[in-house]
Each structure stands twice: as structure tokens, then as C-alpha cells.
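Trainee: Have a look at the structure that comes next, please.
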Amino acid sequence: MAPNVFWIGLGNMGRGMAKNIAEKGQLGGPLAIFNRSKQRAVDLSANLPSGKSEVADSIEAGVAKAEIIFICLANDAAVTETVNAIVKADVKGKVVVDCSTIHPGTTEAIAKTITSKGAEFVACPVFGAPPMADAGQLVPVPAGPKSAVDRVKPYLEGVTSRAIIDMSDEPYSKASTLKLLGNTFILNMVEQVAEGHVLAEKSGLGTQYSHKFIELMMPGVYPPYSNRMLSGDYWKRQEPLFHVDLARKDAGHALKIAKDSGVKLGNLEVADAHLAKIQQHTDNGDIAGIYGAVRQENGLKWSIFIGLFIIAAMCVAAWFLSPKGENQVLWRSSLILAFVCCYLMWAITFLAQLHPLIEPKRSDLREKFVHE
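Counting from 0, one number per residue, gives the positions in the sequence shown under numbering that gives the first Met the number 0.
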């Protein structure tokens, strides 16, 4: 008989994974879902087919009905707190699966907490962006006893994932270490793409050519990040795809592992410094905002100043080219006032939408990138 499953955590990644388990997984009953902000669970359940899910009133209530419990949360503290709540219920014979990105030491600590209560544990961080979670195209890394991993596999490949990196019978901490190492690759890539585009712009090459190079020579995750930078997506979206706070958390864990191992990660240190700059400007930044930070430190200006130069030139023209005669002063003042008012109206509208970091120059965007 198929087991009952309980899902905890409905962030950008958790929503897509829970949706796919509810719709495609072999379940003994509706998928129970829980989120600290209950409305997210209510909204997700309402969007799933009837009878496929139910909202749990509490962690303890969801655990009581389930044989398999998934966790996907933002940070180490949230995971530890949730695990402590889980083991307040009777978990003997159940399996707890953590899909969060946390420090290997935290992974080992929660594994000890869970297994000491008679449950099995699988560390199962996942690679992939939120759109891949929605599409069931993630790459998870399950680690722990093979017996426990085998219980979880039916909800991975073909349901939430396109393939797995199987670490059965490996220490739990290895899965977390690989996940953090993999995320350093992503951060280094974002940093390099940002720097490359800024150099392309300042050297006069043009970002349309650096982007084309990326599309043709580095398919996969590179082009989407390049698109998000050049389109300004990183400051337009209300909810970041990869929140800068989470990126800095991952970078911090990776840098700690590197320090303990006697390794220096120079590229990651540079990327982390740019992430810190984003945090200074906004509470809701995306890692693609590294592009804005690199633009800023290299002296690239806001598009708004281009408009200011144009208006200034038009005012000068109005001053010298207005018809001569007794009404010349009236012509001059009227034209200049009209130009200034038009500029101020445009500037206020522009600034109301502008991300605190630098926006890509609109003259440097290809038509397909412009959304407004």
C-alpha cells in the first residue's frame, strides 16, 4: 500500500516539488501540506486537483498521519526548529527527508535527533532553479541508509526530478557538502557573466554580442541568467528566484567548509562581496542583482541621466532657436518649462519602478529583452 506523505515548506522550491508529488506521486491519501504562513498552503491546495492535497493545521498533526515527511526550508535554524517539532510526535518507523540547503554539520545534527527517536533520515538537497522544480526537472542528492533512500526514490526521478545523484549508504553530510559546492559554481558563474557583460558594455563591444556568445557556447544555466541581467528581471520581479539572503547563507557555509579544509575560494569571496552590496540596497534582492553591483562599481550610470542630457540639450536649443521678437522671452520660458515638466513626469514614473541597484541601459537592450 502506498504511504501517506507530508510536505513542510512552500517556498519557491517547495511549492513546485509539493505540486508534483501531489499530482504524480503514488500516495496513500491526499498530500498533507504545511507552511508557516498558512495562506501559502491554502493557495497551493486550491490550485491542485480536487482530493490531491489537504492543509495540515500543525506539524504534529501532519506527522501523525504520514509515513514519509519531506522538509524544504530556507536555513539551518528553520530546519532545526522544524525537526524538533517533528520529533515531538511519534516518528518511529517513519522516514524524514530534508531537501533544504544547510551546513553539513547541521545535517548530521538533525539526523541524530531524528534517528534517536526510531525514525530513518535521508539528506536530499536538490539542484535546480524554481522553474525546474515546477517542471519536475530537479537533480536531488539523496544520502543515508539505502533502505531509507529506497523508500524516498519513488518521489524523486520521474516525479520531482529528471535524474538523481545517488549517495545511498554515504554519510548524510556528503549530500549537503556537494549541494553547497554546486551552489558555489552557480555564484561564480553569475559573477563571471555580470563582469563579462559590464566589460562588453564599457569596451564598446555591446552586450548583444557577449550574450550571443553565451547562448551558443555555454547553453544550460548560463543564458537564463544572462537574460535576467540584461532584461532587468532581477529588479522587476516581486519575488526573487534565488534570494540574496539564501545565496549569502550558502556562500558562508561553503567558505567555512573551505577554510576548515585549508582551501581559499577567491572567486566566491568576490561574489559574496557583491551579494553583500545588494543586501545594503534591498531586502528582497535576487542573485542576478550582482550585475547591478558590478555596473555600479564600474561607473555605469542610470538610464535616467541619459534623459536628463537630452532635456538639457532641448532647453539650450529652445533658448537659442525660439522666434525673436517681443514674445521671445515667453517662447523661451514656455518651451523650457514644458520640456522640464515632461522630464519630471517621466523621471518620477521611472524612479517609482527602479530597483535600488543600477538598471541596464535601455539603449543596450535587444528588443526581445524589453518588457515595458
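The beta carbon of each residue, even a glycine, is placed where N, CA and C say it ideally should be.
Over the uninterrupted alpha helix (DSSP H) stretch that includes A272, give me the two end residues.
Mentor: Position 273 of the sequence shown, counted from the start, is the residue given in the question as residue 272. Where A272 is concerned, the enclosing alpha helix (DSSP H) stretches over 265 to 280.
Trainee: Mapping DSSP to helix, strand and coil, what is E66?
Mentor: Here residue 66 is taken as the residue at index 67 of the sequence shown, counted from 1. E66: coil per DSSP, three-state reduction.
Trainee: Could you check the C-alpha separation between E358 and P130 for me, to the nearest Å?
Mentor: Along the sequence shown, one-based indexing puts residue 358 at 359. Along the sequence shown, one-based indexing puts residue 130 at 131. Because the pLDDT of E358 is 46, which lies under 50, any placement of that residue in the model is unreliable, and the number read from its coordinates should be weighed accordingly. Those two C-alpha atoms are separated by around 24 Å.
Trainee: So A270 and I289 are in contact, right, with Cβ under 8 Å, and what is the actual spacing, rounded?
Mentor: Taking the first residue of the sequence shown as position 1, residue 270 is located at position 271. Taking the first residue of the sequence shown as position 1, residue 289 is located at position 290. Confirmed, about 7 Å.
Trainee: By the 10 Å Cβ neighbour count, where 16 or more other Cβ atoms means buried, how is N3 classified, buried or exposed?
Mentor: Residue numbering aside, residue 3 sits at position 4 when the sequence shown is read from its first letter. The residue is buried, with at least 16 neighbouring Cβ atoms inside 10 Å.
Trainee: Thinking just about the alpha-carbon of each residue, which of M216, S175, R236 is nearest to the one in V192?
Mentor: On the sequence shown, position 193 is the one that residue 192 refers to. Cα-wise, what sits closest to V192 is M216.
Trainee: Quick one: any contact between the segment 235 to 251 and the segment 278 to 294, if contact means 3 or more CB pairs under 8 Å?
Mentor: A contact exists between the segment 235 to 251 and the segment 278 to 294.
Trainee: If I measure Cβ to Cβ from N168 and keep anything under 7 Å in the same chain, skipping five residues before and after, which residues do I get?
Mentor: The count along the sequence shown starts at 1 and reaches residue 168 at position 169. It is worth fixing the name first, because residue 168 is Asp in this sequence and not Asn. For D168, where only same-chain residues beyond five positions count, the Cβ hits under 7 Å are P144, K145.
Trainee: Leaving out five residues before and five after R247 in sequence, what residues of the same chain have Cβ atoms less than 8 Å from its Cβ?
Mentor: For this step, residue 247 is matched to residue 248 along the sequence shown. Same-chain partners within the cutoff: D271, L274, A275, Q278.
Trainee: Would you identify the three-state DSSP class for M131, choosing helix, strand or coil?
Mentor: Here residue 131 refers to the residue found at position 132 when the sequence shown is read from its first residue. Note: M131 maps to helix in three-state DSSP.
Trainee: What are the start and end residues of the alpha helix (DSSP H) that includes I256?
Mentor: Residue mapping note: residue 256 aligns to position 257 of the sequence shown, counting from 1. Here the alpha helix (DSSP H) through I256 covers 243 to 259.
Trainee: When the Cβ atoms of the segment 94 to 112 are set against those of the segment 70 to 80, are three or more pairs found closer than 8 Å?
Mentor: The segment 94 to 112 is in contact with the segment 70 to 80.
Trainee: Which value, in whole angstroms, describes the spacing of the CA atoms of A199 and F184?
Mentor: Along the sequence shown, one-based indexing puts residue 199 at 200. Along the sequence shown, one-based indexing puts residue 184 at 185. Looking at the two C-alpha atoms, the distance is approximately 22 Å.
Trainee: Got a sec? Which residues, its chain only, sit under 6 Å from Q126 by beta carbon, not counting five neighbours each side?
Mentor: The count along the sequence shown starts at 1 and reaches residue 126 at position 127. For the record, residue 126 in the displayed sequence is Phe; it is not Gln. Answer for F126: V138, G181, listed in chain order.
Trainee: Given this structure, state the Cα-to-Cα distance separating A351 from Y154, to the nearest angstrom.
Mentor: Here residue 351 refers to the residue found at position 352 when the sequence shown is read from its first residue. Here residue 154 refers to the residue found at position 155 when the sequence shown is read from its first residue. Low local confidence applies: a pLDDT of 44 at A351 is under 50, so the model's placement there is unreliable, with the coordinate-based value given in what follows. Using only the alpha carbons, I get a separation of about 44 Å.
Trainee: Mind listing, in chain order, the continuous alpha helix (DSSP H) runs of no fewer than 4 residues lying wholly within the segment 88 to 173?
Mentor: Whole alpha helix (DSSP H) segments, 4+ residues: 103 to 114, 129 to 134, 145 to 151.
Trainee: Decide if G265 is buried, meaning its Cβ has at least 16 other Cβ atoms within 10 Å, or exposed.
Mentor: Taking the first residue of the sequence shown as 1, we reach residue 265 at position 266. Burial call: exposed.
Trainee: Taking the alpha carbon of V54 as the reference point, which residue from I85, M12, W6, D133 has its own alpha carbon closest?
Mentor: Residue numbering aside, residue 54 sits at position 55 when the sequence shown is read from its first letter. Of the candidates I85, M12, W6, D133, the one whose C-alpha sits nearest the C-alpha of V54 is W6.
Trainee: Rounding to the nearest angstrom, what Cα-Cα distance links Q237 and K64 in this structure?
Mentor: In the sequence shown, residue 237 corresponds to position 238, counting from 1. In the sequence shown, residue 64 corresponds to position 65, counting from 1. Approximately 36 Å, taken between the alpha carbons.
Trainee: Return the chain-ordered ranges of every beta strand (DSSP E) run that is complete within the segment 4 to 78 and spans a minimum of 3 residues.
Mentor: Correct list: 4 to 7, 30 to 33, 52 to 54, 67 to 70.
Trainee: Inspect the beta-carbon positions of E107 and Y171 and report whether they are closer than 8 Å.
Mentor: Start at 1 with the first residue of the sequence shown, and residue 107 comes out as number 108. Start at 1 with the first residue of the sequence shown, and residue 171 comes out as number 172. Cβ distance < 8 Å, so E107 and Y171 count as in contact.
Trainee: Measuring alpha carbon to alpha carbon, tell me which of G8, G50, N11, A1 ends up nearest A26.
Mentor: What you label residue 26 is simply residue 27 of the sequence shown in a count that begins at 1. The question names Ala, but residue 26 is Leu in the sequence shown. For the residues G8, G50, N11, A1, the minimum Cα distance to L26 belongs to A1.
Trainee: Quick one, are the C-beta atoms of A132 and M12 less than 8 Å apart?
Mentor: Taking the sequence shown and counting its residues from 1, one reaches residue 132 at position 133. Taking the sequence shown and counting its residues from 1, one reaches residue 12 at position 13. Yes, the pair counts as a contact, with Cβ atoms nearer than the cut-off.
Trainee: Please work out which residues of its chain come closer than 7 Å, Cβ to Cβ, to I85, disregarding the five sequence neighbours upstream and downstream, and give them in chain order.
Mentor: The residue given as residue 85 occupies position 86 in the sequence shown. Once the five neighbours on either side are set aside, the close Cβ partners of I85 are I58, V62, I68, V95.
Trainee: What residue range does the alpha helix (DSSP H) around N226 cover?
Mentor: Stepping through the sequence shown from its first residue, residue 226 is reached at position 227. N226 -> alpha helix (DSSP H) spans 221 to 229.
Trainee: Who are the Cβ neighbours of A253 in its own chain at under 8 Å, not counting the five residues just before and after it?
Mentor: As a working note, residue 253 is residue 254 in the sequence shown. Answer for A253: L179, L180, N182, T183, L264, L267, listed in chain order.
Trainee: Compare the Cα-Cα distances from C314 to each of L299, G291, F338, L329 and report the closest residue.
Mentor: By one-based count along the sequence shown, residue 314 stands at place 315. For C314, the nearest C-alpha among the options comes from F338.
Trainee: Going by C-alpha distance, which of C341, G15, L299 is nearest K201?
Mentor: Here the question's residue 201 lines up with position 202 in the sequence shown. Answer by Cα proximity: L299.
Trainee: K116 and V90 look like a contact to me (Cβ under 8 Å); what is the Cβ gap, rounded to whole Å?
Mentor: Here the question's residue 116 lines up with position 117 in the sequence shown. Here the question's residue 90 lines up with position 91 in the sequence shown. Correct: roughly 5 Å between the Cβ atoms.
Trainee: Using a 10 Å radius around the Cβ and a threshold of 16 neighbouring Cβ atoms, would you call V41 buried or exposed?
Mentor: In the sequence shown, counting from the first residue as 1, residue 41 sits at position 42. It is exposed - the Cβ of V41 has fewer than 16 other Cβ atoms within 10 Å.
Trainee: State the beta-bridge partners of D285 as determined by DSSP.
Mentor: Numbered from its first residue, the sequence shown carries residue 285 at position 286. D285 is bridged to H242.
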